[in-house]
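Sequential numbering of the sequence shown, starting at 80, is according to this note's numbering. Every residue gets a Cβ at the ideal spot worked out from N, C-alpha and C, and that includes glycine. Predicted model only: the values in this text are computed from it and were never measured. Below is one structure, written out as structure tokens; the observations come after it.
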Amino acid sequence: MRRTVNAVMRRLGKAIARFEEPAVEKIAEQHHDDPFQVLIATMLSAQTRDPVTAAASARLFRVARTPAAVAALPVRRIETLIYPVSFYRTKAVHVRDACRQILERFGGRVPPTMNELLTLPGVGRKTANLVLILAHRSADNICVDTHVHRISNRLGWVRTRTPEETEHALYEAVPKRWWATVNLYLVTWGQNVCRPVYPVCGSCAIADLCPRIGVTRIGKGGV
Ligand code: SF4
């Protein structure tokens, strides 16, 4: 299994070069891995398309780019700035409250541990793992979203029902050298090739390494 994982990851590392990076990775690069901006962009990205996340993050950061500046904004203003991300009303409250707590409890800095991050409003394991990987340069975390969960199961690396189960199973299945890059590789693949419905198996760079578990309908055409 680990040999197959290595082969898949090596191939994906080359194959994803022709696709756009996911929004949060791009934001992390543009803002020099600023933990605060990575945190907020990841919070906005949940169940939201990448272009919408990128535009909403840019609008918010043009007005406020520190926890103090965002905490000082009225929730209605945050709502207006981040609209139309999914659940923008709830996310506006979470963003404002998370900023307040970062100021009050963490001296204005995004905390660098999983346990501390999970105490912030609206922050779950996916967001916390991505902040630890992209902003705090952790090599000890795997960030699992819906793409990573789906593709890991299609590849037969795990047999799990939830992203959280997948995260824990992947720590066993994937050699540690890949932990920090699993998210980037599989999210990029999931957005472009191994889509939720009609994955384009016919032009998939790892088709010969994939048992396609659970795949019933395959998309036509190239990517
Ligand atoms: S072969 Fe199909 S199911 Fe397997 S990774 Fe490629 S697109 Fe996904």
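Through-space distance from Met80 to Arg138, alpha-carbon basis: 44 Å
Where the alpha helix (DSSP H) through Trp258 begins and ends: No alpha helix (DSSP H) holds Trp258; DSSP gives it neither H nor E.
For Val227 and Asn262, the rounded distance between their alpha carbons: 6 Å
Sub-8 Å separation of Asp224 and Lys205 beta-carbons: yes
Own chain partners of Ala207 with C-beta closer than 7 Å, once the 5 adjacent residues on each side are dropped: Met193, Leu196 and Leu197
Touching by the beta-carbon criterion (3+ pairs, under 8 Å), the stretch 242-252 and the stretch 290-299: no
Three-way DSSP call (helix, strand, coil) for Lys205 in this model: helix
Rounded distance between the beta-carbons of Pro101 and Val131, thought under 8 Å: About 13 Å separates the two Cβ atoms, so there is no contact after all.
C-alpha distance - Ser217 paired with Val117, whole-angstrom precision: 14 Å
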